[in-house]
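*Asks:*
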Amino acid sequence: MASYTLVFSWIAGGIYNLDSHRFQKASLDTRTEGWTETWGNQGDEKSDEETTCEAHERPEKEIMKQIDDKSLSLLLSTPHPQLEIVLTQHRPAWFEQMLMRVAGIPHVVVNSNYISNEATGQLPYLTDCKPSKNPVLVGRNHPSNLKRSSNISNNSILGYLQDFQNVDLDKQAGVTSHQHQALSISFQFMIKSELSQILLHLRFEDSNAWEQVYRDQYIGAAIIQNKEGRGTNSLDKRNWFLKLHGRFQASMERVVERRRLLGYGNSQQNESIDQLLGRANEAYFAIDRQLLSTTKGQNDKDDTQKYLLGTDRPALVDVLLWAHLAEALCDVHLVVALASYPRLVKYFQDMYRFYFCESDAKLDGVCAWKDWNDKQNLENSFQKIPTLSKQNLIESTAFKDAVDLMQKSSLQKQDLQEVLEAVKDVRTRERLPKPRESSSFLLYRWCMGETSKKEQPMTEKEPENPLRKKLLRDQARNDQMWISGIVGVSAIAVLLIQGGAA
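Put into structure tokens, the structure is as follows:
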């Protein structure tokens with residue numbers, strides 16, 4: 001399995017640049033002309049001194065005009081051209097969105113049906129088009145020459161905002177003492193190195209959840225996020241291609257993530273889902289106790305929210321924790337685990353209401369970009385609270401869209417904990433999915449004349465005989481080997497006959 005994962009992850013990296021390895025640093029050597037430039041400029045050669053003089057004599061206004069035209073063309077392609085920063089995402093980039101909302105940076109969110117970008121690697125990526133400056137393109141995992149601040153997340157977008165937008169959430173929150181800084185680093189390490197890795201394991205290593213939930217989300221992202229600007233007829237004609245494209249992207253990203261998870265602990269691959277959930281519960285319990293300690297000395301009349309380190313404003317660790325909770329609420333297993341931690345759920349809901357509440361955008365006409373961003377998040381197919389089985393569809397779909405739930409609960413002042421308790425109740429009453437039989441065994445049963453379960457008459461269920469099941473499996477395996485041997489011998493005979501005739 002490891003060799004299979006390594007080979008296909010190498011193929012996926014070559015196609016989609018998911019690891020951001022295709023990054024070329026600026027060369028300090030003298031640029032040489034290509035053969036097309038030399039051939040096109042025959043008879044009009046100029047020396048290096050003449051070219052340098054012409055560059056110095058070129059008016060500065062003309063250079064600035066070209067830069068502004070380039071930035072303007074990029075901005076006009078966005079829904080709000082007056083904003084300079086655009087965040088392009090495939091899966092909702094909750095960390096970057098909350099980071100810029102807390103820092104007060106207006107931005108536009110755009111959904112993409114691609115999982116990566118050739119220039120930046122795996123999505124999301126940020127575009128900054130300031131007037132009279134060259135456009136900037138930086139991805140989350142994009143290697144760069146920027147000076148990195150001391151943070152665990154190793155996020156290039158965060159590094160860019162810290163260096164060029166003066167974003168320092170810890171300083172704004174008042175995290176200056178050594179005790180607070182040590183707690184912040186500890187919880188950042190717990191979220192990034194433990195909870196995020198467990199979330200990835202549950203998402204990509206659980207075959208049942210992947211086949212029934214997560215792969216369909218990739219297909220939905222390829223279809224739904226293509227609807228803008230396209231007619232219904234053209235979308236219907238391309239529907240089969242978009243589904244195939246989404247399925248292929250899902251497979252490529254899965255093998256890359258599974259290859260990254262190979263180095264996460266020696267015995268991690270053998271851990272069951274229950275063991276992973278046990279480790280997640282230990283981490284959630286520690287965070288829950290920390291939130292409890294910060295609210296112990298708070299008066300009942302004081303309605304101000306206290307964050308993880310006891311501050312009145314969110315620090316960087318709060319943004320990282322909130323982004324993880326936003327993704328964990330849409331995980332098949334962790335959404336049930338979070339229902340047991342009402343303090344964590346309230347922390348997530350209060351932070352959402354303060355920074356993502358829809359009413360703020362409606363009161364302020366300047367903040368129309370918030371409405372647009374909320375709509376983009378709502379249309380993203382990855383933000384679903386899923387269920388494993390297909391039972392009780394009417395009851396399950398009431399808890400399907402996480403962003404829609406958050407918007408409704410924010411407007412109606414409902415408690416998200418009640419919603420999660422209902423989701424947990426639905427999930428505990430659902431039947432576990434049956435493991436799928438191999439296609440070869442199904443083909444053998446069909447060739448032997450077995451009727452489908454829908455066509456079979458209703459009869460009393462007979463007790464299963466394990467010996468009979470073993471004999472049937474052995475017989476099917478022997479027949480398959482015999483058929484494969486006949487086909488192989490026939491193919492070899494045909495090749496020999498054709499070779500002799502030639």
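Going by the UniProt record's numbering, the residue at position 103 of the sequence shown is 103; the numbering climbs one at a time, nothing skipped.
Ideal Cβ placement from N, Cα and C applies to all residues, glycine included.
Only a predicted model underlies this, so the values are computations on that prediction, with no experimental measurement involved.
Should glutamate 327 go down as buried or exposed, given a rule of 16 or more other Cβ atoms within 10 Å for buried?
*Replies:* Glutamate 327 comes out buried.
*Asks:* Near phenylalanine 8, which residues of its chain fall below 7 Å by C-beta distance, leaving aside the five closest residues on each side in sequence?
*Replies:* Result list for phenylalanine 8: Val255, in chain order.
*Asks:* Give me, in chain order, the residues of the same chain whose beta-carbon lies closer than 6 Å to that of alanine 173; leave out the 5 immediate sequence neighbours on both sides.
*Replies:* Thr311, Arg313, Ala315, listed in sequence order.
*Asks:* Rounded to whole angstroms, what's the CA-CA distance from asparagine 111 to glycine 220? Just pull it up for me.
*Replies:* If you take the alpha carbons of asparagine 111 and glycine 220, they lie about 12 Å apart.
*Asks:* Can we say the segment 152 to 164 touches the segment 131 to 140, given the rule of at least three CB pairs closer than 8 Å?
*Replies:* Touching, yes.
*Asks:* Is it buried or exposed, glycine 14, if we count other Cβ atoms within 10 angstroms and call 16 or more buried?
*Replies:* That one is exposed.
*Asks:* Using only CA atoms, which one of Ala337, Glu84, Asp216, Val487 lies nearest to serine 381?
*Replies:* Taking only the C-alpha atoms, the option nearest serine 381 is Asp216.
*Asks:* If you count every other CB in all the chains shown that lies within 10 Å of the CB of leucine 6, and 16 or more means buried, which is it?
*Replies:* When all chains shown are included, leucine 6 counts as exposed.
*Asks:* Beta-carbon within less than 7 Å of alanine 93's beta-carbon, same chain only, minus the 5 sequence neighbours each way: which residues are those?
*Replies:* Within the same chain, alanine 93 has close Cβ partners Leu87, Pro124.
*Asks:* Could you spell out the range, first to last residue, of the alpha helix (DSSP H) harbouring glycine 220?
*Replies:* Note, glycine 220: alpha helix (DSSP H), 215 to 224.
*Asks:* For alanine 339 versus leucine 262, is the C-beta spacing smaller than 7 Å?
*Replies:* Contact: no.
*Asks:* In terms of residue numbering, what span does the alpha helix (DSSP H) encompassing asparagine 373 cover?
*Replies:* It spans 368 to 379 - the alpha helix (DSSP H) in which asparagine 373 sits, taken as one unbroken run.
*Asks:* Leaving aside the five residues before and after valine 175 along the sequence, list all residues of the same chain whose C-beta is less than 7 Å from its C-beta, in chain order.
*Replies:* Excluding positions up to five away in sequence, the list reads Gln181, Ser184, Leu309, Thr311, Ala315.
*Asks:* Using the Cα positions of isoleucine 224 and isoleucine 105, report the straight-line distance between them to the nearest angstrom.
*Replies:* In a straight line, the C-alpha of isoleucine 224 is about 28 Å away from that of isoleucine 105.
*Asks:* Comparing alpha-carbon positions, which option in Asn154, Gln305, Ala2, Leu200 lies nearest tyrosine 352?
*Replies:* Closest option to tyrosine 352, Cα to Cα, is Gln305.
*Asks:* CA-CA distance, tyrosine 218 and leucine 244?
*Replies:* Going from the Cα of tyrosine 218 to the Cα of leucine 244 covers about 10 Å.
*Asks:* Report buried or exposed for glycine 278, applying the criterion of at least 16 other Cβ atoms within 10 angstroms of its Cβ.
*Replies:* Exposed, because fewer than 16 other Cβ atoms sit within 10 Å of the Cβ of glycine 278.
*Asks:* DSSP state of isoleucine 115, grouped into three classes?
*Replies:* Residue state, collapsed to three classes: coil.
*Asks:* Kindly list the residues whose CB is nearer than 7 Å to the CB of serine 438, restricted to its own chain and excluding five residues on each side of it in sequence; keep chain order.
*Replies:* At serine 438 the pLDDT is 47, less than 50, meaning the model places this residue with poor confidence; the figure from the coordinates comes in the next sentence. Hits under 7 Å: none found.
*Asks:* DSSP state of aspartate 128, grouped into three classes?
*Replies:* Three-state result, aspartate 128: strand.
*Asks:* Per the DSSP calculation, glutamine 349 is bridged to which residue(s)?
*Replies:* Glutamine 349 is not bridged to any residue.
*Asks:* Suppose you measure from the CA of aspartate 474 to the CA of isoleucine 486; what does that come to, to the nearest Å?
*Replies:* Straight-line Cα distance between these residues: approximately 18 Å.
*Asks:* Here's the rule I'm using: 16 or more other beta-carbon atoms within 10 Å means buried, otherwise exposed. How should proline 199 be labelled?
*Replies:* Note that residue 199 is leucine in the sequence shown, not proline. Leucine 199 comes out buried.
*Asks:* According to DSSP, simplified to helix, strand and coil, what is valine 494?
*Replies:* The answer is helix: DSSP assigns valine 494 an H, G or I state.
*Asks:* Could you tell me the alpha carbon to alpha carbon distance between glycine 159 and histidine 178, rounded to whole angstroms?
*Replies:* Each residue's Cα considered, the two are about 22 Å apart.
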